[in-house]
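Below you'll find the structure, written out as structure tokens, and then a few comments.
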Amino acid sequence: MSEVTAEGGHGAIPTGPEVPVQPRARAVQRDWPLYEVFVRGKRGLNHVHVGSLHAPDDEMAIDAARDLYTRRNEGVSIWVVRAVDITASSPDEKDPLFAPSGDKVYRHPTFYEIPDGVPHI
Amino acid sequence: MHEETVYDALTNAHGEAGHWAFGTGFDDPLAGVDTTVPDGIDPADLGAYCLMLGDDALVLAQRLTQWITRAPELEEEVAIGNIALDLLGQARLLLARAGSVGVLGRSREQATATIPDEDALAYFRDVDEFRSTALVAAPDADFAQAVVRLVAASTVRLAVFTRLRSSRDPVLAAIAAKGVHELAYHRDHAARWVLRLGDGTEESHRRARSAVEAVWPLLADLFTATDVEERLAAAGVAVDPAAVRDEVRDVLTQVLERATLPVPAWPAGAPPRGRLGEHGPELAELLGILQGLARQHPAATW
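These protein sequence lines map, in sequence, to chains A and B.
Just add 24 to wherever you are in the first sequence, counting from 1, and you've got the numbering used here.
Just add 10 to wherever you are in the second sequence, counting from 1, and you've got the numbering used here.
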């Protein structure tokens, strides 16, 4: 499974005194902001991250996502979110975050007998 | 690990040709369709009308294609490319319908005898045989003009196609029913851009405003019916363009007002010159690019 990252794979959004908290004025932005795109393939499935794109604002991001990621009839629903609004886990914290679950087999539902009449488990 | 992706459907789509827009074979766009002309409809009129609608789509598709590699951003380039392809698809069906009712007639040259009707119509007619309007042929001075023209052209076309869904020609009705969804998207996408440019920066407003001033006069001849359209409208086959004028004016006025752009006076009606084959030099230039390769190498494939 791939790591969940933001801003094209740079890991967590850096924070600190050198990083301005207020976004720059949008009207004079030279480059369009990056959006991450999530598409739901069919009813009942989850939205799945399919890629990213640049768009001037949220509404145009939906249009662009429709054109870039659903032109072959892949989706019934699209979510877009500005990449800067995603808080991602840092690769540095991988061990404290994920290692503790590695040896806890009892968290998996593998200790149950599955009845014959239940097909989709 | 079990993971469903949206692309699973694509890789699992073996043998389902219906998954693709035209199927996997690109031979005959009207394959399997009953192309019999219903009683009481003049095939020559029907063919001429299909050329009008088909040529509008073909010419606008070509104009939009000229934005490829020049669009302001890659994402918008894909959007414009998609819209152009939608229109090309409409043109293909409409020209094929025109071919199926015999518009090529005996004038069809030997050299083009082996290529499909719609290709012969697109590539081997001369400029005065085209039936498109001036609105779709005009070159774009800038991106603002491209989106202002697109919102105007798709508003008109959507209004016509919406009514054409109940045409007495079942092929035309089916083409219109397919096109309505595409055109609604084209109109919305273009309108969104007009809103952003008109109500954007000082420079974008200035450009949007001059785009409106350049495009509005091109609306003059759109709502004047030709004799063909009048006859077919009376027969329940075509849409009288005059019948959509008020709706188009309302929609476009609303878009401009929301975009904080001044709404120019609606141009006085003019004779439908383009529909009768009278065109300015810009169409000849466009067709030179569109038709050059096919004329140099008829029936070429790649």
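We put the beta carbon where it would ideally sit given N, CA and C, even for glycine.
> Where in the stretch 78-141 of chain A do unbroken runs of the alpha helix (DSSP H), each at least 4 residues long, occur, reported from the N-terminal end onward?
Replying inline: 82-93, 118-122
>> Please report whether the beta-carbon of V91 (chain A) lies at a distance below 8 angstroms from any beta-carbon of chain B.
In response: For clarity, residue 91 (chain A) is Asp in the given sequence; the question names Val instead. Closer than 8 angstroms to some Cβ of chain B, the Cβ of D91 (chain A) qualifies, so yes.
> Should V166 (chain B) and V265 (chain B) be called a contact, given that it needs their Cβ atoms to be closer than 8 angstroms?
Replying inline: no
>> For a quick check, are the C-beta atoms of I93 (chain B) and L105 (chain B) less than 8 angstroms apart?
In response: no
> Are any of the Cβ atoms in chain A nearer than 8 angstroms to that of R206 (chain B)?
Replying inline: yes
>> Taking 8 angstroms as the threshold (beta carbon to beta carbon), is E83 (chain A) in contact with chain B?
In response: yes
>> I want to verify the contact list: residues of chain A whose CB lies under 7 angstroms from the CB of E83 (chain B), in sequence order.
In response: W56, H78
>> From the DSSP secondary-structure annotation, give me the bridge partner or partners of V61 (chain A).
In response: A:G75, A:V104
> The alpha helix (DSSP H) spanning G189 (chain B) covers which residue range?
Replying inline: 180-208
> Are the CB atoms of A194 (chain B) and L168 (chain B) nearer to each other than 8 angstroms?
Replying inline: yes
> Taking the C-alpha atoms as reference points, what is the distance between G126 (chain A) and K118 (chain A)?
Replying inline: 12 angstroms
> Is it true that the stretch 99-107 of chain A meets the stretch 62-78 of chain A, where meeting means three or more beta-carbon pairs spaced less than 8 angstroms apart?
Replying inline: yes
>> Using only the alpha-carbon positions, how far apart do E295 (chain B) and Q72 (chain B) sit?
In response: 11 angstroms
>> Check whether chain B comes within 8 angstroms of A88 (chain A), counting only Cβ atoms and requiring the distance to be less than that.
In response: yes
> Using the rule of at least 16 other Cβ atoms within 10 Å of the residue's Cβ for burial, across every protein chain shown, is S177 (chain B) buried or exposed?
Replying inline: buried
> Can you list, in chain order, the residues of its chain whose CB lies under 6 angstroms from that of R107 (chain B), leaving out five sequence neighbours each side?
Replying inline: C60, V181
> Contact between the stretch 262-281 of chain B and the stretch 194-204 of chain B: three or more CB pairs below 8 angstroms?
Replying inline: yes
>> Distance check for A89 (chain A) and R206 (chain B), CA to CA, integer angstroms please.
In response: 18 angstroms
>> Quick check on this structure: which residue in A:H78, A:T111, A:N97 has the alpha carbon closest to the alpha carbon of L23 (chain A)?
In response: The question about residue 23 (chain A) has no answer here: the residues shown for chain A are numbered 25 through 145.
> Relative to chain A, which residues along the stretch 77-104 of chain B have a C-beta separation below 7 angstroms, given in chain order?
Replying inline: E83, E85, V88, A89, N92
> Measuring CB to CB, does L297 (chain B) end up less than 8 angstroms from V137 (chain B)?
Replying inline: yes
>> I'd like the span of the alpha helix (DSSP H) that includes E223 (chain B), first residue to last.
In response: 212-225
>> Would you say R95 (chain A) lies against chain B (beta-carbon separation less than 8 angstroms)?
In response: yes
> What are the boundary residues of the alpha helix (DSSP H) that includes G115 (chain B)?
Replying inline: Here G115 (chain B) belongs to no alpha helix (DSSP H), and DSSP marks it neither H nor E.
>> Just checking: is the beta-carbon of R197 (chain B) within a distance shorter than 8 angstroms of some beta-carbon in chain A?
In response: no
> In three-state terms, what does DSSP make of Q76 (chain B)?
Replying inline: coil
>> Strictly below 9 angstroms CB to CB, what residues from chain A border R202 (chain B)?
In response: E83, M84, D87
>> Please classify H307 (chain B) as buried or exposed, where buried requires at least 16 neighbouring CB atoms within 10 angstroms.
In response: exposed
> In the structure shown, what three-state DSSP assignment does L56 (chain B) receive?
Replying inline: helix
> If you compare alpha carbons, which of B:I185, B:G210, B:G208 is closest to V43 (chain B)?
Replying inline: B:I185
> What separation, rounded to the nearest whole angstrom, lies between the Cα atoms of D65 (chain B) and N97 (chain A)?
Replying inline: 28 angstroms
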